[in-house]
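Asks: Numbering (the working numbering), first residue to last: 1394 to 1572.
By construction, the Cβ of each residue, glycine as well, lies at the ideal position given by its N, Cα and C atoms.
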């Protein structure tokens, strides 16, 4: 299947998920993240603020850690400290993002990213804009992909600029170093 077709098919499938299923499955994934040893040991973590039926990881923002969210600036992602839900603004893509000063991304220990899908070798397919690929290209921390199990595919047909995740967490398992 062509990359574009795979992306569209999986976005449609994710968008068709029942709201209660999204909430319940997201809780399972959030619990897996919370109990994942590298997450428990880390203090500076970048999350994402979900859109649509992406895995709802925003409950992690209630944990006592230093969280950062991505902000789009000059066609790039920069990490900005999360200081409260009331301080989030909606960008042109409809994504909530913080305001404030950016931090050097390599001060982050973990970056947790969404994806349209991931493959069994850790490759990620996003929405096609390359924001996370550029951000993660020289990121030194742990890269964790978050998705529903159905978003794990055999092969993404990665492009040269695509970034491989270190870990992928779904409701079924934590896939690390399996590629």
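What is the DSSP secondary structure of residue 1469, reduced to helix, strand or coil?
Replies: In this structure, residue 1469 counts as strand in the three-state DSSP scheme.
Asks: To the nearest angstrom, how far is the alpha carbon of residue 1476 from that of residue 1497?
Replies: Straight-line Cα distance between these residues: approximately 17 Å.
Asks: Put residue 1410 into one of helix, strand or coil per three-state DSSP.
Replies: In this structure, residue 1410 counts as coil in the three-state DSSP scheme.
Asks: Can you tell which of 1404, 1436, 1466, 1447 has its C-alpha closest to the C-alpha of residue 1420?
Replies: Cα-wise, what sits closest to residue 1420 is 1447.
Asks: Exposed or buried, which one is residue 1463 when buried takes at least 16 other CB atoms within 10 Å?
Replies: Flag for residue 1463 reads buried.
Asks: Go through the segment 1435-1501 residue by residue and report every complete run of the beta strand (DSSP E) that reaches 3 residues or more, in order.
Replies: You should have 1437-1439, 1459-1466, 1469-1474, 1481-1483, 1489-1491.
Asks: For residue 1570 versus residue 1549, is the C-beta distance shorter than 8 Å?
Replies: Contact flag unset, no.
Asks: Could you tell me whether the Cβ atoms of residue 1541 and residue 1470 are closer together than 8 Å?
Replies: No, the Cβ-Cβ distance between residue 1541 and residue 1470 is not below 8 Å.
Asks: With a Cβ-Cβ cutoff of 8 Å, do residue 1442 and residue 1435 count as a contact?
Replies: No, the pair does not count as a contact, with Cβ atoms beyond the cut-off.
Asks: Which value, in whole angstroms, describes the spacing of the CA atoms of residue 1473 and residue 1493?
Replies: So the two alpha carbons sit approximately 6 Å from each other.
Asks: Taking buried to mean at least 16 other C-beta atoms within 10 Å of its own C-beta, is residue 1412 buried or exposed?
Replies: Label assigned to residue 1412: exposed.
Asks: DSSP beta-bridge partners for residue 1533?
Replies: Per DSSP, none; premise fails for residue 1533.
Asks: Which same chain residues, not among the five before or five after residue 1396, have their C-beta less than 6 Å away from its C-beta?
Replies: Closer than 6 Å at Cβ, skipping near neighbours: 1550.
Asks: Quick one, which of 1418, 1427, 1532, 1467 has its alpha-carbon nearest residue 1522's?
Replies: If we check each option's Cα against that of residue 1522, 1467 comes out closest.
Asks: Can you name, in chain order, every residue of its own chain whose Cβ lies under 8 Å from the Cβ of residue 1444, other than the five neighbours on each side?
Replies: 1486, 1487, 1488.
Asks: To which residues does DSSP link residue 1517 through a beta bridge?
Replies: 1511.
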